[in-house]
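From first to last, the protein sequence lines are chains A and B. For this note's numbering, add 1226 to where a residue sits in the first sequence, where the first one is 1. For this note's numbering, add 1226 to where a residue sits in the second sequence, where the first one is 1. Glycine included, each C-beta is placed from N, C-alpha and C at the ideal position.
Number of protein chains: 2
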Amino acid sequence: METSHNGDELARILATLANPHRMRVIAALAHERNYVSALARELGISRPLLQLHLAKLEAAGLVTAAFELSADGKAMKYYDTVPFAVTLTPQSIALAARTLTTEEGDS
Amino acid sequence: METSHNGDELARILATLANPHRMRVIAALAHERNYVSALARELGISRPLLQLHLAKLEAAGLVTAAFELSADGKAMKYYDTVPFAVTLTPQSIALAARTLTTEEGDS
DNA sequence: TTCACCTGCAAGAAAAAACTAGCATGTGCC
DNA sequence: GGCACATGCTAGTTTTTTCTTGCAGGTGAA
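Next up, the structure:
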């Protein structure tokens, strides 16, 4: 659950979510957790590209990763969504904007 | 008020909001409507840059513009925020992802 | 051993976004 | 007229993001 974010955190979450591939990743993982290679096949994108997007999603705290050994001993990296709820309104943006650290201390 | 968005629309809104300058613009306009030049001074950024961000905000439907004549006859372009409320959850993303048109018809 | 599957990483190309600099228009006022 | 303010637009640079290609490692099974 998300309550208050600082501005940079919120900006990162929004930037991360604002991508078709990553939206589909969230959608796929919300349906069922999966490991990288299988997910890449499901989404029809290359594995390196998927890994890039997964890394961003994980960095934003929107998905989690866990290693698991398959029945035949292969190391699989399973990803799953992290439950989140962010509400965007002009007011919530205004509040978050107060804590932006992007240089310039607005005097 | 926002209810359901198609995926592309949501992606655009998120991408638009995911920028420090634009977050500050929303914050400033939520506080009080303003015209371009004054807003640029308030935020401490160049006018052309602000116009770029305002154009994106307007394209995403997050702010509106209206021309107004000042007391001394100058044409001022006033901007104001549009009330919006977008809630982001894994489910809402999943729903929106269904209507993404970014090429590939996932067979 | 070879094949099929899993992971990770990094270098470089391609595309998109952000930003600057500059010049155009117009107004009213001194 | 010249100054100060408002708007607009565009060309070009810089920066960031996205994506591809290709290689590395590991496992179990035929």
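On the CB-based measure, 16 or more other CB atoms within 10 Å of its CB, does B:G1233 come out buried or exposed? buried
According to the neighbour-count rule (16 or more other Cβ atoms, all chains shown, within 10 Å of its Cβ), is A:L1295 buried or exposed? exposed
Leaving out five residues on either side along the sequence, give the residues of the same chain with a beta carbon under 6 Å from the beta carbon of B:A1292. Y1304
Would B:P1309 be called buried (16 or more neighbouring beta carbons within 10 Å of its own) or exposed? exposed
The alpha helix (DSSP H) enclosing A:L1334, as first and last residue numbers: Residue 1334 of chain A lies beyond the range of chain A shown here (1227 to 1333); nothing can be said about it.
Looking at the structure shown, is A:K1282 part of a helix, part of a strand, or coil, going by DSSP? helix
Whole-angstrom distance between B:N1260 and B:M1302, CA atom to CA atom: 9 Å
For B:K1300, tell me which candidate among B:L1280, B:H1247 and B:S1263 has the shortest Cα-Cα distance. B:S1263
Suppose only complete runs of 4+ residues qualify. What are the alpha helix (DSSP H) ranges in the segment 1264-1312 of chain B, listed by chain order? 1273-1285
Exposed or buried, A:A1311, counting other C-beta atoms within 10 Å across all chains shown (16 or more means buried)? exposed
Which residue wins for smallest C-alpha separation from A:A1241, given the options A:H1279, A:A1297 and A:P1316? A:H1279
Please report the residue range of the alpha helix (DSSP H) in which A:R1250 lies. P1246 to H1257
Looking only at its chain, what residues have a beta carbon closer than 8 Å to the beta carbon of B:Q1277, apart from the 5 residues adjacent to it on each side? V1262
Kindly list the residues whose CB is nearer than 7 Å to the CB of A:G1331, restricted to its own chain and excluding five residues on each side of it in sequence; keep chain order. In this prediction, A:G1331 has a pLDDT of 38, which is less than 50 and means its spatial position is unreliable; nothing more can be read from the coordinates.
Of the choices B:G1287, B:I1319, B:A1237 and B:N1245, whose alpha-carbon is the least far from that of B:L1275? B:N1245
Measure the beta-carbon distance from A:I1239 to B:A1323 and round it to whole angstroms, keeping in mind my assumption that it falls under 8 Å. That belief does not hold up - the Cβ atoms of A:I1239 and B:A1323 are roughly 16 Å apart, past 8 Å.
Of all Cβ atoms in chain A, is any one closer than 8 Å to the Cβ of B:F1310? yes
Using only alpha-carbon positions, find the residue among B:T1307, B:T1313 and B:H1231 that is nearest to B:K1282. B:T1307
Short check: CB of B:R1250 to CB of B:L1269, under 8 Å? yes
Grab me the residues of A:S1272's own chain with a C-beta within less than 8 Å of its C-beta, minus the 5 sequence neighbours each way, in chain order. A1266
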